[in-house]
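Below: the structure, in structure tokens.
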Amino acid sequence: MQQVLATAFGNVQGVLFDIDDTLVDLEFAMTTALRDASEHLLPGLDTAGWEKFGRIFTHETTHFYDRYLAGELTFNEQRLLRGRAALGHFGVVLDDGEESHAWLTHYARLQPTYVRAFPDVVPLLDALDAAGIPYGAVSNNVHDYQRAKLDGAGLSRISTLVGTDTMGVPKPDPAIYLEGVRLLGTSPETTLYIGDNRLLDAEGAVAAGLLGVWLNRIGEPAPGFAGHQIRSLDRLLG
Ligand SMILES: [Mg+2]
């Protein structure tokens, strides 16, 4: 017999999470590692400059990550292209050979060391465990990379994990959310899906028949958004 948990959005039998910038603070890890890997190339850059540099890299203005998801670029290619776009904004051009390789290697080595869970994650997982509610993650990156990321962030207790290579499709294809539901052994309409991306997480999950919730940690204005949203995972229970 499945347990039922009362949440701010009704009674649920399972919870699925996005990973990046939902469970783990990827933006912090990326911007900190970026600065470490790039400081020698941008001596004297001020705080506002580093913030701008980080925004160009982390926010998808270039759509290189979308091209990775579409199979047009490898993971490392999209990462390097985003790095070069950010460096190029400040007039730094890496050559195609040794300079690019060194930058990419340095960044790739550092970034995982800065990945950490948000402080509201463990208390929620504790509450779900106490209530006997199954949970898992559905992510727009490949399974093994995200498995290592969760484990590195101290979240190995999240044993159910669906990546883009699990079903061969990324969010917002309904199949990827529904595989998460299948693994939890719940039904879509009683399963919450929570993530920081309004389109891919909240709206995509709703379109797949789940209870999609937008985790809007930064309070981004959302004119026209009629779905569920919370500012923190603390807001989910009670
Ligand atoms: Mg995310």
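Numbering that gives the first Met the number 0 puts the sequence shown at residues 0 to 237.
Note that beta-carbon positions come from the ideal geometry of N, C-alpha and C, so glycine has one too.
Check	Outcome
With the cut-off set at 8 Å, would you say L177 and P187 are in Cβ contact?	yes
Counting Cβ pairs, one atom from each stretch, are 3 or more of them under 8 Å apart for the region 86-96 and the region 12-29?	no
Start and end of the alpha helix (DSSP H) containing V205?	G203 to A206
Around the Cβ of F74, are there at least 16 other Cβ atoms within 10 angstroms (buried) or fewer (exposed)?	exposed
Could you tell me if V114 is buried or exposed, where buried requires 16 or more neighbouring beta carbons within 10 angstroms of its beta carbon?	buried
Heavy atom of ligand 1 less than 7 Å from the Cβ of T21, yes or no?	yes
Report all residues from its chain with a CB closer than 7 Å to the CB of D99; omit the five preceding and five following residues, and keep chain order.	In the sequence as displayed, the identity of residue 99 is Ser instead of Asp. Same-chain partners within the cutoff: L79 and L93.
Identify whether A126 lies in helix, strand or coil by the three-state DSSP scheme.	helix
Take F8 as the anchor and find which of D119, Q110 and Y192 has the nearest alpha-carbon.	Y192
Helix, strand or coil: which one does DSSP assign to N215?	coil
Helix, strand or coil for N75, going by three-state DSSP, please let me know.	helix
By a C-beta neighbour count over all protein chains shown, 10 Å radius and 16 as the cutoff for buried, is T133 buried or exposed?	It is worth fixing the name first, because residue 133 is Pro in this sequence and not Thr. The residue is buried, with at least 16 neighbouring Cβ atoms inside 10 Å.
Buried or exposed, going by whether 16 or more other CB atoms sit within 10 Å of the CB of N10?	exposed
Is any heavy atom in ligand 1 found nearer than 7 Å to the beta carbon of N196?	yes
Just list the residues that DSSP pairs L15 with in beta bridges.	G135 and Y192
Measure the C-alpha to C-alpha separation of E26 and T57 and round it to an integer number of angstroms.	7 Å
Could you check what DSSP says for G226 in three-state terms: helix, strand or coil?	coil
Going by the DSSP bridge assignment, what does L210 pair with across the sheet?	L191
What distance in whole Å lies between the Cβ atoms of M166 and I175, which are believed to be in contact at a cut-off of 8 Å?	5 Å
For my contact list, G179 and G131 are in at a C-beta cut-off of 8 Å; report their separation, rounded to the angstrom.	The pair is not a contact, with the Cβ atoms about 18 Å apart (cut-off 8 Å).
DSSP on V161, reduced to helix/strand/coil?	strand
Roughly how far, in whole angstroms, is the beta-carbon of T31 from the beta-carbon of L236, given that I think they are within contact range, below 8 Å?	Between L236 and T31 the Cβ distance is about 31 Å, and since that is not below 8 Å, they are no contact.
Say yes only if the C-beta of D17 is nearer than 7 Å to one or more non-hydrogen atoms of ligand 1, and no if none qualify.	yes
Let me know the secondary structure DSSP gives L80 once reduced to three states.	helix
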